[in-house]
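Trainee:
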Amino acid sequence: MSLAIAERAASGTLFQTLDIGHPVYAALTDPQTAFWALVDKSCAAEAARDPALLASYGAKAGAFADELHALRFGLKPSGVYLNPTERCNLNCTYCYLPDQQRSGGSHMSAETLLASLASLRDYFRSVMPEGRKPRAIFHGAEPLMNAPAVFAAIDAFADDFVFGLQTNGTLLDDAALDFLTSRNVSIGLSLDGPVAEITDATRQTWGGKSVHGKVLRAIEKLRGYGSWSVITTCTTENLPYLTRMVELFHAAEVPTCMLNTLRCTLPGARGVKPADEAMAEAFFAALDRTHALYQATGRKLMVANFANILIGILAPTARRLMCDISPCGGGRAFFALAADGSLYPCSEFIGLPRFNGGKLLEEGVAVALASEAFRPVIERDVDRFSPCGDCAIRHFCGSPCPAEAFEMNGGMDKIGAFCAFYKEQVNYALRLIADGKADDYLWDGWDEGTETVFALA
Amino acid sequence: MTPKLQPNPQTPTATPAKAQAAAPTIAVRKSCNPDGIGLSHYVLMDRKAAK
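Chain order of the listed sequences is A and B. When you line the first sequence up against our numbering, it's residues 1268 to 1724, in that order. When you line the second sequence up against our numbering, it's residues 2 to 52, in that order.
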């Protein structure tokens, strides 16, 4: 046990106690290392002084601190979000991209997109372990508005990237589906309601037409495909229907969904922002429903954004998504290429010019990563600002997202938009662990390639 | 596998009340090489591609 750990243990400041709402268990955490233990809540204070726990944790605390530090500060980028066009055929209420870009913006030319991917390939080769391919996700605004360039790029760089495409699904015709599925491109769709009336409340064409039916048809055509998912963005408009959403997804054999909180970066989104308490209630009801469906059918519907919270607790280095960690993955584990050729820490920042890190084909990735535009995002550290700095779960949450903290709450040293909801997610995850149910909410084999480095049970 | 809680100390019993042992402490941590992971919350938890 290090002297620092011994001193903190002696002064009673090593562990913070967390009421997780479980009938038997409370959590002890050492936020500095993302360590947790579930202890009998009737004697939590005694458990925090238990010599056996202190000795076993003390022996590992240094390694856990090193691991967390490497995860938070030592990663190199391994993914890029590609915006091959500024334009979108939909006008969603909560979009993070400015209206003017989406309605009248420009496409990136095929020539520029190909040159960009060549530059990105060379960059990733310089920083990634040999044998690992970077991921390139066509993301915004609606990438299939510029399908010829996207498809040309996928074919030209098939050996260099693992490709994905996030689409609103309305332009995913048979030809596009055949092209993407034949090349094993991961496909993400978006659907906000179980019926058109709910979807239409936040996702419509510029002319006000419903797209619900088109997305349902795309979902049906993707049934059985190996790599696809659907995002539901949670708003005041669809919150009462999240349970029906997961029932729809499960019936359609959607393998993975995300029930994402909307990002409040731009003012338009804030008008449909749910309250944290309402968000938590609806979200957990939907999670409970996925579990009931799993028990009834033996088939899981993964809620990936929650699964990532759960994995972040069980195995911090095995997490897949890098929003709920601080600093977040923006400008660190991934970055975004805008349609005008500029680099941003994340697509979330593309509407905010002060975060423009320069042109990929002029200054390059390394210059952007080191730029003053990226620095506030890369250096946003929950250890350094209140109230996160004293929070028992700050490294299970990360206080997402820096874009909305900056734009909505007034600075990078502010919390994100859903602080209380994230706390409740962590409590829910710890309750699942206490009840031995965590694996039911994770994909089979989630811990392949991991090693158990601490176990008390 | 994460541990299962056995038995549930709050399960009512017909036996007279007596001091119950504290529930066992649960703590698990797994670790792996994090190189080459990580995307944003928007996209594609592609498990095959993530490996």
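Each residue gets a CB set at the ideal place from its N, CA and C atoms; glycine is no exception. As the structure is a computational prediction, the values presented were derived from the model and not from experiment.
1. Taking a contact to mean a Cβ-Cβ separation below 8 Å, would you say A:A1746 touches A:I1580 in this structure?
2. Considering only residues of the same chain and omitting the five flanking positions on each side of A:A1603, which have a CB-CB separation below 6 Å?
3. How big is the Cα-Cα spacing for A:L1338 and A:S1477?
4. Would you mind working out which of A:Y1361, A:G1341, A:Q1299, A:A1277 sits nearest A:L1321, comparing C-alpha positions?
5. Give a yes or no on whether 8 Å exceeds the smallest Cβ distance from A:L1338 to chain B.
6. What separation, rounded to the nearest whole angstrom, lies between the Cα atoms of A:M1268 and A:R1275?
7. Please report the straight-line C-alpha distance between A:R1537 and A:F1673, rounded to a whole angstrom.
8. Runs of 4 residues minimum, wholly inside the region 1615-1702 of chain A: which ones carry the alpha helix (DSSP H) assignment?
9. State yes or no: is the C-beta of A:T1300 within less than 8 Å of the C-beta of A:A1271?
10. Since A:E1691 and A:G1683 are thought to touch, with beta carbons under 8 Å apart, how far apart are those beta carbons, to the nearest angstrom?
11. What is the DSSP secondary structure of A:Y1292, reduced to helix, strand or coil?
12. Just to confirm, are A:R1566 and A:N1575 a CB contact at a threshold of 8 Å?
13. Along the chain, where does the beta strand (DSSP E) that runs through A:D1307 open and close?
14. Residues in the same chain with beta-carbon distance under 6 Å from A:V1649, minus the five sequence neighbours each way, listed in chain order, please.
15. Please look up how many angstroms separate the CB atoms of A:K1488 and A:L1444, rounded, as I've assumed it's under 8 Å.
16. Do three or more CB pairs link the region 1382-1393 of chain A to the region 1309-1318 of chain A at distances below 8 Å?
17. Have a look at A:V1497, A:D1441, A:F1428 and flag the residue whose alpha-carbon is nearest the alpha-carbon of A:P1461.
18. For A:E1715 and A:P1410, I'd like the C-alpha separation in whole angstroms.
19. Is DSSP giving A:F1282 helix, strand or coil here?
20. Across the region 1350-1367 of chain A and the region 1399-1418 of chain A, are there enough close Cβ pairs to call them in contact, namely three or more that are closer than 8 Å?
21. Just the chain B side, please: which residues come within less than 7 Å of A:D1714 by C-beta, in chain order?
22. Going by DSSP in three states, A:F1424 sits in which element: helix, strand or coil?
23. For A:D1297, which three-state DSSP category applies?
24. Taking only beta-carbon positions, decide if A:F1721 is within less than 8 Å of chain D.
25. Return the residue from the list A:G1436, A:A1312, A:D1467 that minimises the CA-CA distance to A:D1286.
26. Compute the distance between the beta-carbons of A:I1617 and A:W1713, then report whether it is under 8 Å.
27. Quick check: what's the CA-CA separation for B:A28 versus A:A1294?
28. For A:T1437 versus A:K1481, is the C-beta spacing smaller than 8 Å?
29. According to the neighbour-count rule (16 or more other Cβ atoms, all chains shown, within 10 Å of its Cβ), is A:C1310 buried or exposed?
30. Excluding five sequence neighbours on each side, which residues of the same chain lie with their C-beta closer than 6 Å to the C-beta of A:N1413?
31. Are the Cβ atoms of A:G1325 and A:A1273 separated by less than 8 Å?
32. Just to confirm my understanding: we take A:W1495, look at its own chain, exclude 5 residues before and 5 after, and list those with CB closer than 6 Å. What are they?
33. Can you pull the chain B residues whose beta carbon is under 9 Å from the beta carbon of A:T1584, in chain order?
34. Of all the beta strand (DSSP E) runs that stay within the bounds of the region 1376-1431 of chain A, which reach a length of 3 or more residues?
35. Please classify A:T1502: does DSSP put it in a helix, a strand, or coil?
36. Please report how far the alpha carbon of A:L1621 lies from the alpha carbon of A:A1640, in whole angstroms.
Mentor: Taking the coordinates as given:
1. No information on residue 1746 of chain A is available, as it lies outside the stretch 1268 to 1724 that chain A covers here.
2. Working through the first sequence from its first residue, we reach residue 1603 of chain A at position 336. Only Y1348, Y1611, C1613, S1614 meet the Cβ criterion.
3. Here residue 1338 of chain A corresponds to residue number 71 of the first sequence, with the count starting at 1. Here residue 1477 of chain A corresponds to residue number 210 of the first sequence, with the count starting at 1. Rounded to the nearest angstrom, the two C-alpha atoms are 43 Å apart.
4. The residue you call residue 1321 of chain A lines up with position 54 of the first sequence. With distances taken between Cα atoms, A:L1321 lies closest to A:A1277.
5. Here residue 1338 of chain A refers to the residue found at position 71 when the first sequence is read from its first residue. Yes, contact with chain B.
6. The residue you call residue 1268 of chain A lines up with position 1 of the first sequence. The residue you call residue 1275 of chain A lines up with position 8 of the first sequence. So the alpha carbons of these two residues sit roughly 11 Å apart.
7. For the purposes of this step, residue 1537 of chain A is taken as residue 270 along the first sequence, with counting starting at 1. For the purposes of this step, residue 1673 of chain A is taken as residue 406 along the first sequence, with counting starting at 1. Each residue's Cα considered, the two are about 14 Å apart.
8. 1632-1636, 1642-1645, 1661-1664, 1669-1675, 1686-1701
9. In the first sequence, the residue the question calls residue 1300 of chain A occupies position 33. In the first sequence, the residue the question calls residue 1271 of chain A occupies position 4. No, the pair does not count as a contact, with Cβ atoms beyond the cut-off.
10. If you number the first sequence from 1, residue 1691 of chain A lands on position 424. If you number the first sequence from 1, residue 1683 of chain A lands on position 416. Not a contact, Cβ separation roughly 14 Å.
11. For the purposes of this step, residue 1292 of chain A is taken as residue 25 along the first sequence, with counting starting at 1. Note: A:Y1292 maps to strand in three-state DSSP.
12. Your numbering for residue 1566 of chain A matches position 299 in the first sequence. Your numbering for residue 1575 of chain A matches position 308 in the first sequence. Their beta carbons are not under 8 Å apart, which means A:R1566 does not touch A:N1575 by this criterion.
13. Position 40 of the first sequence holds residue 1307 of chain A. Note, A:D1307: beta strand (DSSP E), 1302-1307.
14. As a working note, residue 1649 of chain A is residue 382 in the first sequence. Same-chain partners within the cutoff: S1593, C1655, R1661, S1666.
15. Here residue 1488 of chain A refers to the residue found at position 221 of the first sequence. Here residue 1444 of chain A refers to the residue found at position 177 of the first sequence. Sure, about 6 Å apart at Cβ, within 8 Å.
16. no
17. On the first sequence, residue 1461 of chain A is found 194 positions in, with the first residue counted as 1. The shortest C-alpha separation from A:P1461 is found at A:V1497.
18. Reading the first sequence from its first residue, position 448 is the one you call residue 1715 of chain A. Reading the first sequence from its first residue, position 143 is the one you call residue 1410 of chain A. Their backbone Cα atoms lie some 33 Å apart in a straight line.
19. Position 15 of the first sequence holds residue 1282 of chain A. The answer is coil: DSSP assigns A:F1282 none of H, G, I, E or B.
20. yes
21. Residue numbering aside, residue 1714 of chain A sits at position 447 when the first sequence is read from its first letter. Those within 7 Å of A:D1714 in chain B are K31.
22. Start at 1 with the first residue of the first sequence, and residue 1424 of chain A comes out as number 157. Residue state, collapsed to three classes: coil.
23. For the purposes of this step, residue 1297 of chain A is taken as the residue at position 30 of the first sequence. Note: A:D1297 maps to strand in three-state DSSP.
24. Structure shown: chain D not included; protein chains present are A and B.
25. Working through the first sequence from its first residue, we reach residue 1286 of chain A at position 19. When only C-alpha atoms are compared, the closest one is A:A1312.
26. For the purposes of this step, residue 1617 of chain A is taken as the residue at position 350 of the first sequence. For the purposes of this step, residue 1713 of chain A is taken as the residue at position 446 of the first sequence. Going by C-beta atoms, A:I1617 is not nearer than 8 Å to A:W1713.
27. Position 27 of the second sequence holds residue 28 of chain B. Position 27 of the first sequence holds residue 1294 of chain A. Cα to Cα, the separation comes out at about 10 Å.
28. Taking the first residue of the first sequence as position 1, residue 1437 of chain A is located at position 170. Taking the first residue of the first sequence as position 1, residue 1481 of chain A is located at position 214. Cβ atoms of A:T1437 and A:K1481: closer than 8 Å.
29. Indexing the first sequence from 1 puts residue 1310 of chain A at position 43. Exposed, since its Cβ has fewer than 16 Cβ neighbours within 10 Å.
30. Reading the first sequence from its first residue, position 146 is the one you call residue 1413 of chain A. Result list for A:N1413: P1351, T1352, H1374, in chain order.
31. On the first sequence, residue 1325 of chain A is found 58 positions in, with the first residue counted as 1. On the first sequence, residue 1273 of chain A is found 6 positions in, with the first residue counted as 1. For A:G1325 and A:A1273, yes; Cβs fall inside 8 Å.
32. As a first step, residue 1495 of chain A must be located in the first sequence, where it is residue number 228. So the qualifying residues of the chain are I1454, L1489.
33. The residue given as residue 1584 of chain A occupies position 317 in the first sequence. K31, S32, C33, N34, P35, I38, listed in chain order.
34. 1402-1405
35. On the first sequence, residue 1502 of chain A is found 235 positions in, with the first residue counted as 1. Here A:T1502 sits in coil by DSSP.
36. Along the first sequence, one-based indexing puts residue 1621 of chain A at 354. Along the first sequence, one-based indexing puts residue 1640 of chain A at 373. In the sequence under discussion, the amino acid at residue 1621 of chain A is Arg, which differs from the Leu named in the question. Cα to Cα, the separation comes out at about 6 Å.
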